[in-house]
Amino acid sequence: MRPAGLVTSALLLLLCAACSNEPRPRPPGTLFVSVEQQSAWVRNFNPLFPGAGSRWPTRAGVYECLELYTPSKGDYQPWLATGHAWSEDRRTLRFTLREGVRWSDGKPFTAEDVAYTFQLLRKHAALDAGGVWRFLADVRAEGPHTVAFQFSRTFIPGFGDLAAQPIVPRHIWERVADPVTFTNPNPVATGPFTQVSVFRNQVYELSRNPYYWQPGKPAVRALRFLAFPTNDQANLALVEGEVDWAGNFVPAVDRTFVARDPKHHARWFPLFGSTVFLYPNTTQPPLNDVRVRKALSMALDRERLVEIAMYGYTRPADATGLNDAYTGWRDADVADDAWVRHDAKEAARLLDEAGLTRGPDGLRRQADGSPLTLDIEVVGGWSDWVRAGQVVARDLRKLGLQAQLRTYEFSAWQARLQKGEFQLAISWSLDGPTPYTFYKWMLSSATVRPVGEVAPANWQRYGDKETDALLERFEVTDSREEQQVLMAQVQRRFSETAPAIPLFPNPSWGESNSKRFTGFPTEANPYARLSPHAEPDSLLVLTALAPREAP
């Protein structure tokens with residue numbers, strides 16, 4: 002007999018399906034995906050503005066980039082570009098574009114589209130989330146299939162930012178009045194799924210691009226998405242066999258999902274997801290004091306945290322904050338630093354030293370005598386992070402801090418996080434081919450935005466001049482040995498300054514049901530990460546899957 006909560010979820014699922022008028026049985030070749038938890042869908046397919054809340058897979062499935070980097074393999078794969086070449090002085094980078102690619106309206110894809118996309122980022126600073134115009138001087142088309150990026154300075158890591166940028170069609174976007182607020186309801190793109198065939202509050206569907214450049218692909222006829230407000234509802238649909246591909250946290254996944262149909266149900270959770278952090282808003286005292294940040298970190302029993310909140314799917318973070326995709330970069334001496342180990346006595350000493358002493362009531366008080374109250378913000382429907390927040394709050398309360406968990410719907414939570422309108426928040430980190438991207442968005446002064454301005458990361462709003470100098474040296478060398486030495490020093494600065502509090506590497510959540518589709522990545526065939534959250538890996542998966550029945 003199913004528990005009452007699951008019965009309620011099942012009824013909600015059935016009602017969702019009924020509201021969407023979903024055919025029974027499902028159309029052949031329609032892949033059901035669970036990747037976003039939302040109570041209702043907003044029709045937004047803008048691939049350029051990261052804060053716009055675009056629908057999956059806008060940035061890697063509707064639109065495409067020049068080359069794909071896959072952490073599971075550690076290399077780049079040509080995509081819209083067939084290759085690239087640096088000039089001898091490393092100040093010009095040329096991409097050779099794939100011939101025969103067309104936009105989904107049938108018009109040819111050319112170097113003018115690539116150049117125009119980057120000029121849009123230059124004109125609208127809010128779109129330039131990666132800050133490419135901090136190192137670019139110009140972008141120009143050199144014929145229909147070559148685009149040249151002129152650098153204003155030597156910046157080797159810039160290749161990754163340029164290769165990963167989704168490209169938009171000039172003939173469509175030059176007519177858009179405001180690309181920052183444009184929701185792009187009917188996308189014209191080069192990706193495998195570009196046709197919005199259904200869009201309602203509770204369901205949307207994307208169909209195949211009629212002009213897709215890979216012959217015979219995608220084999221999947223359409224992607225379909227139901228609105229699940231919480232993990233619980235999404236997981237029920239997965240367990241019951243409704244969902245084909247998911248990126249959900251599933252409690253006791255081997256028992257509740259895999260064992261239900263071992264022939265078809267699979268999961269793969271490598272620790273290649275971004276690291277999950279407790280972000281302190283360093284613009285707000287006393288969180289601007291490194292002693293306080295390290296005290297909060299040492300208050301946490303991470304072993305207990307990963308067991309309770311994450312069902313043991315991961316490990317406690319070390320003092321570098323790096324996930325397992327960067328094992329070859331991790332400095333072992335830094336990783337073992339004490340401030341990420343549970344030590345309530347030392348945590349109390351640091352708080353005392355910072356002037357946050359306990360009053361007669363056991364509560365720690367600020368200089369004005371008021372108790373220090375800390376709100377921890379998390380997405381309400383994300384059950385794993387909610388439990389993590391509850392464990393963190395309990396550990397902080399043991400130190401005499403009035404810590405309380407506050408949950409928000411995703412959009413509200415994200416807006417508060419990006420604008421710096423929070424005290425403490427649990428969130429992910431940004432990653433790239435090397436730890437450079439990770440640490441840039443943790444420590445670089447160039448990534449600090451004023452409170453109230455949307456920041457794509459560095460939500461803690463912390464900059465460190467010593468790290469700036471190390472990153473600048475990293476930017477101009479392609480020697481792996483020198484890069485390794487510099488990155489070890491950056492790790493040391495991260496550990497010394499503790500700009501954010503690492504909790505655990507986030508598993509790259511991925512579940513598949515191969516009853517209707519074949520070709521999912523696995524640990525034995527890691528051509529991509531199984532997680533649909535992983536960009537741009539999702540492009541590799543969407544073009545590899547095939548229905549067991551011909552659509």
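Going by my numbering, the sequence shown opens with residue 2, and the numbers climb by one from there. Yeah, the Cβ is synthetic: ideal placement off N, Cα and C, and Gly gets one too.
{"query": "Going by beta-carbon coordinates alone, are residue 342 and residue 352 separated by less than 9 Å?", "result": "no"}
{"query": "Less than 9 Å between the beta carbons of residue 107 and residue 133, yes or no?", "result": "no"}
{"query": "By how many angstroms is the C-alpha of residue 118 removed from the C-alpha of residue 23?", "result": "Because the pLDDT of residue 23 is 43, which lies under 50, any placement of that residue in the model is unreliable, and the question is left without a value."}
{"query": "Which stretch, first to last residue, makes up the alpha helix (DSSP H) that contains residue 455?", "result": "First-last for residue 455: undefined, no H or E at that position."}
{"query": "Are at least three pairs of beta-carbons, each pair with one atom in the segment 161-175 and one in the segment 56-74, less than 8 Å apart?", "result": "yes"}
{"query": "Got a sec? Which residues, its chain only, sit under 6 Å from residue 322 by beta carbon, not counting five neighbours each side?", "result": "276 and 503"}
{"query": "Express the C-alpha separation of residue 301 and residue 347 in angstroms, rounding to a whole number.", "result": "12 Å"}
{"query": "If you compare alpha carbons, which of 460, 481 and 487 is closest to residue 473?", "result": "487"}
{"query": "What residue range does the alpha helix (DSSP H) around residue 398 cover?", "result": "384-398"}
{"query": "My understanding is that residue 56 touches residue 42, with C-beta atoms under 8 Å, so please give their C-beta distance in whole angstroms.", "result": "7 Å"}
{"query": "With DSSP as the reference, identify every bridge partner of residue 208, one or two as the case may be.", "result": "196 and 223"}
{"query": "Taking Cβ to Cβ, would you say residue 535 is nearer than 9 Å to residue 144?", "result": "no"}
{"query": "What ranges does the beta strand (DSSP E) occupy inside the segment 97-121, keeping only unbroken runs of at least 3 residues that lie completely in it?", "result": "none"}
{"query": "Tell me where the alpha helix (DSSP H) around residue 409 begins and ends.", "result": "Run containing residue 409: none in the alpha helix (DSSP H); it sits in the beta strand (DSSP E), 403-409."}
{"query": "If you reduce the DSSP assignment to three classes, tell me which class residue 374 lands in.", "result": "strand"}
{"query": "Looking at residue 136: is its Cβ nearer than 9 Å to the Cβ of residue 93?", "result": "no"}
{"query": "Answer yes or no: the CB of residue 371 versus the heavy atoms of the ligand MN, is any distance below 8 Å?", "result": "By its list of ligands, the structure shown contains no ligand whatsoever, and the ligand MN lies outside what it can speak to."}
{"query": "Tell me the residue span of the alpha helix (DSSP H) that contains residue 335.", "result": "333-336"}
{"query": "Within this structure, are the beta carbons of residue 229 and residue 238 separated by less than 9 Å?", "result": "yes"}
{"query": "When you compare each of 375, 306, 208 and 388 to residue 400 by their alpha carbons, which one comes out closest?", "result": "375"}
{"query": "For residue 87, which of helix, strand or coil comes out of DSSP?", "result": "strand"}
{"query": "With 16 other CB atoms within 10 Å as the buried threshold, where does residue 549 fall?", "result": "exposed"}
{"query": "Compute the Euclidean distance between the alpha carbons of residue 188 and residue 543, then round it to the nearest angstrom.", "result": "18 Å"}
{"query": "Would you list the residues sitting across from residue 139 in a DSSP beta bridge?", "result": "151"}
{"query": "Assuming the contact rule is C-beta atoms closer than 8 Å, residue 320 and residue 496 should be a hit. Round their C-beta distance to whole Å, please.", "result": "4 Å"}
{"query": "Between which residues of its own chain and residue 360 is the CB-CB distance below 7 Å, once the five residues before and five after are set aside?", "result": "366"}
{"query": "Using 8 Å as the cut-off, can you tell me whether the segment 455-465 makes contact with the segment 417-424, which would need three or more C-beta pairs spanning the two stretches below that distance?", "result": "yes"}
{"query": "So, residue 407 versus residue 309, is the Cβ gap smaller than 9 Å?", "result": "no"}
{"query": "Between the beta-carbon of residue 424 and the beta-carbon of residue 272, is there less than 9 Å?", "result": "no"}
{"query": "Looking at residue 429 and residue 248, is the spacing between their C-beta atoms short of 9 Å?", "result": "no"}
{"query": "Could you check whether the segment 177-195 touches the segment 209-223, counting it as contact only if at least three pairs of C-beta atoms, one from each stretch, sit closer than 8 Å?", "result": "yes"}
{"query": "If the criterion is Cβ atoms closer than 9 Å, does the pair residue 150 and residue 163 meet it?", "result": "yes"}
{"query": "Below 8 Å, how does it come out for the segment 253-270 and the segment 327-339: are there three or more Cβ pairs, yes or no?", "result": "no"}
{"query": "Can you tell me whether DSSP reads residue 31 as helix, strand or coil?", "result": "strand"}
{"query": "Using CA coordinates, which residue listed in 448, 31, 435 and 218 is at the minimum distance from residue 480?", "result": "435"}
{"query": "Is the separation between the beta-carbon of residue 516 and that of residue 255 shorter than 9 Å?", "result": "no"}
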